[in-house]
Amino acid sequence: MKAFVTGIAGFIGAHVAQHLLDAGWQVCGIDDLSGGRIENVPEGAEFQQLDCNEPLDGVMQSFRPTAVFHLAAYAAEGLSHHIPVFNYQNNVVATANVLGAACRADVEHFVFTSSIAAYGHPESDQPFDEEMLCHPCDPYGIAKLTCEHHIRSVCDYFGGPQFTIFRPHNVFGPKQNIADPYRNVVGIFIRCALERKPFPIFGDGSQTRSFSYIDSVAASIAASPTTKDAANQTFNVGGDHPLSVRELGETLAEIMGVEPEFNFLPPRQEVQHAHADHTKVQSVFPAAFADEVDLRTGLERMVADVRQHPIADPTPCPSAIEIPEKLPPSWS
Ligand SMILES: NC(=O)c1ccc[n+]([C@@H]2O[C@H](COP(=O)([O-])OP(=O)(O)OC[C@H]3O[C@@H](n4cnc5c(N)ncnc54)[C@H](O)[C@@H]3O)[C@@H](O)[C@H]2O)c1
1 MKAFVTGIAG FIGAHVAQHL LDAGWQVCGI DDLSGGRIEN VPEGAEFQQL DCNEPLDGVM
61 QSFRPTAVFH LAAYAAEGLS HHIPVFNYQN NVVATANVLG AACRADVEHF VFTSSIAAYG
121 HPESDQPFDE EMLCHPCDPY GIAKLTCEHH IRSVCDYFGG PQFTIFRPHN VFGPKQNIAD
181 PYRNVVGIFI RCALERKPFP IFGDGSQTRS FSYIDSVAAS IAASPTTKDA ANQTFNVGGD
241 HPLSVRELGE TLAEIMGVEP EFNFLPPRQE VQHAHADHTK VQSVFPAAFA DEVDLRTGLE
301 RMVADVRQHP IADPTPCPSA IEIPEKLPPS WS
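Numbering (the working numbering), first residue to last: 1 to 332.
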């Protein structure tokens, strides 16, 4: 079987590709390297540096994939308010382009990484489940939900390909970009610890997230085309244990042997508590969750991986700021 992976030089894409190679798939991936690193592309995978907005029929038709895993995106949720045109071009229009090429290449299965951001603000204190109505509250979440609707409608209208949509949240682990100041709080804190700088926190740090170690997330995404009950389904995927951002910082400081020091910034408009129910994904992909890694072990593994590489220069924002109003000063 052949898998075409967009965003293969990124964090989740690289892990998904590795799972696919381990399972005997032939893998071809593309990435524009705007946020990923060429070193992330697993050995054994073919690679082309390509933007998902470019014509993809050539590469898709010569490789003839069985399944397409579309993971490329710029996933900076908070910043998306300030770069809406870029966000919709890179995350929505590009998805339509990848899916169109997949349809023309007669792909059997299309896998898409949406996000918990599709839900927006919680309407109760219950964790989000897949049946809840979505009310995304930022351009990134709106883009992800739009892609979900587009994928369902295309697959329904044309009678295929089958699709599986994942809504991950706060995923972390080895290979993650820790040099992007606009996203990945775990990576931002690790980098600050290495540089002996205080950890930046918007507000008082009481906002909670369930941080998710990469293994079970990547394993379930990779297994979806060959898992019968995953066809034409949507799954939340990620960790189950809420932690405040401040507690995350304290835990990381302890692991890295530094004093926890915080730089509290004015609060930004964001979801205060975001948690998802994972009953469905755990029942359809039990093997992916058999050896789930706990938060502390996951953080230790990520720190150990980061320490093996030189600290990269900050990743530039892939777009000019379109709306500077209300841009947090720390991002200017
Ligand atoms: N990491 C998380 O916590 C999380 C949570 C929810 C959803 N997701 C989604 O999962 C997917 C993977 O995220 P990630 O954390 O691995 O991010 P990442 O930035 O590490 O990987 C994304 C990759 O896509 C590439 N890319 C971006 N735009 C591109 C384009 N137009 N053409 C080609 N390549 C492009 C980047 O260079 C990068 O290598 C994304 O769709 C993201 O929205 C991630």
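We put the beta carbon where it would ideally sit given N, CA and C, even for glycine.
Please read all numbers here as calculations on a predicted model, not as lab measurements.
Worksheet entry | Residue closest to HIS19, alpha-carbon to alpha-carbon, out of PHE110, PRO174, ALA222 and ILE201 | If we check each option's Cα against that of HIS19, ALA222 comes out closest.
Practice prompt. Could you work out which residue in PHE163, ARG37, ALA101 and THR251 is closest to PHE189 when comparing CA atoms only?
Written response: Across the set PHE163, ARG37, ALA101 and THR251, the C-alpha of THR251 shows the shortest separation from the C-alpha of PHE189.
Fill in: Neighbourhood of PHE166 by C-beta distance below 6 Å, restricted to the same chain and skipping five residues each side
The answer, listed in chain order, is THR113, ILE221, PHE235 and VAL237.
Worksheet item: Is LEU243 closer than 8 Å to VAL185 when the C-beta atoms are compared?
Response: For the pair VAL185 and LEU243, the CB atoms are not nearer than the 8 Å cut-off.
Discussion item. Classify GLY141: buried if its beta carbon has 16 or more other beta carbons within 10 angstroms, exposed otherwise.
Written reply: GLY141 should be labelled buried.
Worksheet entry | Coarse secondary structure for ARG209, derived from DSSP in three states | For ARG209, the three-state secondary structure derived from DSSP is strand.
Worksheet item: Are ALA288 and ALA231 close, meaning C-beta to C-beta below 8 Å?
Response: No, the Cβ-Cβ distance between ALA288 and ALA231 is not below 8 Å.
Discussion item. On the CB-based measure, 16 or more other CB atoms within 10 Å of its CB, does ALA94 come out buried or exposed?
Written reply: Counting of Cβ neighbours within 10 angstroms places ALA94 among the buried residues, the total reaching 16 or more.
Worksheet item: What did DSSP end up calling SER124 once you bin it into helix, strand or coil?
Response: SER124 falls in the coil class under three-state DSSP.
Worksheet item: Measuring CA to CA, which of ALA45, PHE63, SER124 and LEU79 is closest to SER319?
Response: Distance from the Cα of SER319 is smallest, within the candidate group ALA45, PHE63, SER124 and LEU79, for LEU79.
Worksheet entry | Inter-residue spacing [alpha-carbon to alpha-carbon] between PRO127 and PRO42 | In this model, PRO127 and PRO42 are separated by some 35 Å (Cα to Cα).
Item to complete: Quick one: measure Cβ to Cβ for VAL262 and GLY205, integer angstroms, because I've assumed they're closer than 8 Å.
Response: Looking at the sequence shown, residue 262 is not Val but Phe. Right, their Cβ atoms sit about 7 Å apart.
Fill in: Paired residues, beta bridge with LEU265 - DSSP
Paired residues: PHE202.
Worksheet entry | Of the residues ILE178, LYS197 and PHE110, the one placed nearest ASP334, counting alpha carbons only | Nothing about residue 334 can be read from this structure; the chain reaches only from 1 to 332.
Practice prompt. Can you say whether ASP138 is buried or exposed, counting buried as having 16 or more other CB atoms within 10 angstroms of its CB?
Written response: Burial call: buried.
Worksheet entry | Min CB distance ASP291 to chain D below 8 Å | No chain D appears in this structure, which consists of one protein chain only.
Practice prompt. May I have a chain-ordered list of the alpha helix (DSSP H) segments no shorter than 4 residues that lie completely inside the region 282-320?
Written response: Listed in chain order, the complete alpha helix (DSSP H) runs (minimum 4 residues) inside the region 282-320 are 295-307.
Discussion item. Tell me the rounded alpha-carbon separation between PRO328 and PHE199.
Written reply: One C-alpha to the other measures close to 15 Å.
Worksheet entry | For SER332, three-class secondary structure by DSSP | In this structure, SER332 counts as coil in the three-state DSSP scheme.
Worksheet item: To which residues does DSSP link ILE165 through a beta bridge?
Response: When DSSP reads this structure, ILE165 sits in a beta bridge with PHE112 and THR234.
Worksheet entry | Cβ separation of ASN170 and ARG196, assumed to be a contact under 8 Å, to the nearest whole Å | With 8 Å as the limit, ASN170 and ARG196 do not qualify as a contact, their Cβ atoms being about 25 Å apart.
Worksheet item: In whole angstroms, what separates the C-alpha of SER224 from that of THR164?
Response: So the two alpha carbons sit approximately 7 Å from each other.
Discussion item. Less than 6 Å between C-beta atoms, sequence neighbours within five positions excluded: which residues of the same chain meet that for VAL271?
Written reply: Taken in chain order, the residues that qualify are HIS121.
Worksheet entry | GLN61, buried or exposed, once every other Cβ within 10 Å from all chains shown has been counted against 16 | That one is exposed.
Worksheet item: Tell me which same chain residues have a C-beta within less than 7 Å of the C-beta of MET241, skipping the five on either side of it?
Response: The amino acid occupying residue 241 in the given sequence is His; Met does not appear at that position. Excluding sequence neighbours, HIS241 sits near SER210 and LEU295.
Practice prompt. Indicate whether VAL98 and THR6 have their beta-carbon atoms separated by less than 8 Å.
Written response: Cβ atoms of VAL98 and THR6: closer than 8 Å.
Discussion item. At a threshold of 7 Å, does CYS52 count as lining ligand 2 (C-beta to nearest heavy atom)?
Written reply: You won't find ligand 2 in this model; what it holds is ligand 1.
Worksheet entry | Contacting residues, own chain, Cβ-Cβ under 8 Å from ALA118 (five flanking each side not counted) | CYS134, PRO136, GLY141, LYS144, LEU145, GLU148 and ARG167.
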